[in-house]
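Under numbering that gives the first Met the number 0, the residues of the sequence shown are numbered 0 to 292, in order. All C-beta atoms, glycine included, are put in the ideal place defined by N, C-alpha and C. Data block below; observations after.
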Amino acid sequence: MTSKTISLVLGSGGARGLAHIGVIHWLEENGYEIRSISGASMGAAVGGIYACGELDVFEKWIRAVTKIQIVKLLDVSWGKQGLVEGDRIINTLKELVGDRRIEDLPIRYTAVASDIKREKEIWLKNGSLFDAIRASISLPLFFTPVDMNGVKLLDGGILNPVPIAPTFEDRTDMTIAVNLGATPTGAPPVSKSASEDTDDSALGNLQAKINSFIDDRIKRAPASGEDGWSMLDIADQTFDAMQGTIARQKLATYPPDHTIEIARDACGTLEFDRADEMITLGYDTAARSLGGP
């Protein structure tokens, strides 16, 4: 099998980013050699862990995570800049796979964050890997911003959900991008088994607490309207729609050699308990997109 060197661009999209794991598995199994990774948000997280050589450890852990455990990883912030501090999640990942300095990684790596005050992308190419990941995953409203060298950084997906530009100087055979903001399929949500009721209840309680927190902070009416949409639902879907639009523009302006498209309604932003499903989706979609006849 002839090796094909690639620059891999991993897009933002919350729990849908677990599909990146399946994509990477398919690429490795089919003779692709990943020489460079550029990622935003969850793409930066999965890409960075892969660059550490610890993707299998992370995959085993994330496949076993339950909704209750997700709730326990969310350290609520009582400030005004975000609902979750994010330290507990990052420290858990550091303990799981170990922190590294980006410049010491065997694969060229860039995490993309957003400086919204200056409306500028920030490319993080050195320093602590998990500091860069924490900055890149700073989803507005949900995570608190990261202060890095006096600049407040937020989620890379705000300005560039599929960050292809950092790969322009790569000397690889091709660039492959994974877009997690593709057109929704309109498929109904996956049904849950009775054994998952307890976890659903836990996540429902978390959402209720988050909605209550938002209400207290902005002094508005109850979070859910007559149609059942909570304020968190609206923020989540708004951000997904925004990222989808920006991604289409970026991909049209700077088309990669191949694009793997994951529908933005494949799963919700916080549905990390659907890891098995998302990893399989990434693998199968890569096979359809790149497998050929």
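Counting pairs of beta carbons, one from the segment 256-266 and one from the segment 177-185, are three or more of them closer than 8 angstroms? Enough Cβ pairs lie closer than 8 angstroms, so yes.
Every unbroken alpha helix (DSSP H) inside the segment 33-90 [4 residues or more]: 41-50, 54-63, 66-71
Should Leu280 and Ala18 be called a contact, given that it needs their Cβ atoms to be closer than 8 angstroms? Taking a C-beta distance under 8 angstroms as the contact criterion, Leu280 and Ala18 qualify as a contact pair.
Residues bridged to Asp169 by DSSP? Answer is none; Asp169 lacks a bridge partner.
Rounded to a whole number of angstroms, what is the C-alpha to C-alpha distance between Ser40 and Gly21? 17 angstroms
Using only the alpha-carbon positions, how far apart do Glu32 and Leu158 sit? 28 angstroms
Can you check whether the CB of Ala112 is closer than 8 angstroms to the CB of Gly47? no
For Ile88, which residues of its own chain have a beta-carbon under 7 angstroms away from its beta-carbon, when the five flanking residues on both sides are left out? Leu72
Supposed close pair Ile163, Val8 - CB separation, criterion 8 angstroms: 5 angstroms
Does the Cβ-Cβ distance between Leu95 and Ala285 come in under 8 angstroms? no
Does DSSP put Lys116 in a helix, a strand or coil? coil
With a Cβ-Cβ cutoff of 8 angstroms, do Trp122 and Pro165 count as a contact? yes
What is the rounded straight-line gap between the Cα of Arg287 and the Cα of Thr109? 27 angstroms
For the beta strand (DSSP E) that contains Glu260, what are its first and last residues? 257-262
Per DSSP, what kind of secondary structure is Val161 in: helix, strand or coil? Note: Val161 maps to coil in three-state DSSP.
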